[in-house]
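Below is one structure; the comments refer to it alone.
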DNA sequence: TCCTACGATGGACGGAATCCAAGTCAAGAA
DNA sequence: TTCTTGACTTGGATTCCGTCCATCGTAGGA
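Protein chains in written order, with my numbering: chain G, 20 to 156; chain Z, 20 to 156.
Printed below as a string of structure tokens:
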């Protein structure tokens, strides 16, 4: 993600301090932050950044394919900067911790044609759930 | 799901008219309703049922394992009464339509031990996305 | 340096879900 | 059958998450 800003500039992005800070927050963290968490971390460096701008920027990054939006539960969406390596997620049902995981095979190929009902299926998202070592005690 | 009410009674549920109506709505519909849709259908039979009661009852049914909660996107959760047959979901990214699907194999077995990071993994949920025949035009 | 269109701001707004205090009632007890 | 009680329901307030919008500011080209 280090050359993210260069790539964005190449796509005609106006490089504002707000966008730079949001991109840096995502770059530095290999976790899965909510929009509000991104806003909080961004505000440490740029105190007057608004929530609307964070939402706008995250939405743009998702549209550009630089960040993946993960809605694991009914709560706040999380933003995953690891967009260029296909992966799935493993979530602890105790504490909510999220890990990127790489299952075997391609989940998409497990859905036979007669189970697609005429849909043009383009994506398969797998969420594994269980207890992490800490929560399992 | 026909003997659902009997099972619930056996678990010490107080059998109120509201709970009966919510269970019947889910029983009769083999689709994936939102809480508000359940409330609307329930209100046809029991006009004064409140939204809070519908939320309470749905939450209890989920806790008891009689209904599955599906949070597909950032929208309203959907409630799937088909809880006793393992299945996955195929969602149209255009109109939001949901279908139950049965992929080959067991998704859980695709996650090798070294990718479990000490977690006790108990569930794998697969969401396929694509365009339905109507939206693909 | 100036211009201007694109981006930022923050407060209002909206949908979804939860919370809470007060009222109601299912079902066991007598 | 009636009584009693605690579980259940109610609906309005509240929270949470996210979007919208009119206005202001500024990045970057001329």
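Glycine included, every Cβ here is placed at the ideal spot set by N, Cα and C.
Going by beta-carbon coordinates alone, are residue i and residue j separated by less than 8 Å?
i                      : j                      : result
residue 151 of chain Z : residue 116 of chain Z : yes
residue 53 of chain G  : residue 118 of chain G : no
residue 73 of chain Z  : residue 120 of chain Z : no
residue 62 of chain G  : residue 85 of chain G  : no
residue 129 of chain Z : residue 122 of chain G : yes
residue 34 of chain G  : residue 24 of chain G  : yes
Identify which residue in the options has its Cα closest to the Cα of residue i.
i                      : options                   : result
residue 133 of chain Z : G/77, G/58, G/109, G/142  : G/109
residue 70 of chain Z  : Z/57, Z/79, Z/63          : Z/57
residue 100 of chain G : G/131, G/80, G/123, G/153 : G/80
residue 64 of chain G  : G/85, G/36, G/75          : G/36
residue 156 of chain G : Z/114, Z/155, Z/77, Z/138 : Z/138
residue 83 of chain G  : G/136, G/107, G/127, G/29 : G/29
residue 153 of chain Z : Z/113, Z/68, Z/126        : Z/113
residue 76 of chain Z  : Z/27, Z/140, Z/92, Z/136  : Z/27
residue 88 of chain Z  : G/88, G/89, G/87, G/93    : G/93
residue 126 of chain Z : Z/144, Z/31, Z/68         : Z/144
residue 51 of chain G  : G/78, G/66, G/90, G/31    : G/90
Go ahead and label residue i buried or exposed: buried means 16 or more other beta carbons lie within 10 angstroms of its beta carbon, across all protein chains shown.
i                      : result
residue 38 of chain G  : buried
residue 146 of chain Z : buried
residue 105 of chain Z : exposed
residue 111 of chain G : buried
residue 59 of chain G  : exposed
residue 149 of chain Z : buried
residue 107 of chain Z : buried
residue 49 of chain Z  : exposed
How far does the alpha helix (DSSP H) with residue i in it reach, from first residue to last?
i                      : result
residue 97 of chain G  : Careful: residue 97 of chain G lies outside any alpha helix (DSSP H), inside the beta strand (DSSP E) at 97-99.
residue 151 of chain Z : It is not in any alpha helix (DSSP H) - residue 151 of chain Z carries neither H nor E in the DSSP assignment.
Subject >> Complete alpha helix (DSSP H) runs within the stretch 26-51 of chain Z (minimum length 4 residues, chain order) >> reply: 36-47
**OP:** Pick out the complete beta strand (DSSP E) segments inside the stretch 53-140 of chain Z, 3 residues or longer, and give them in chain order.
**Re:** 87-89, 97-99, 107-111, 117-120
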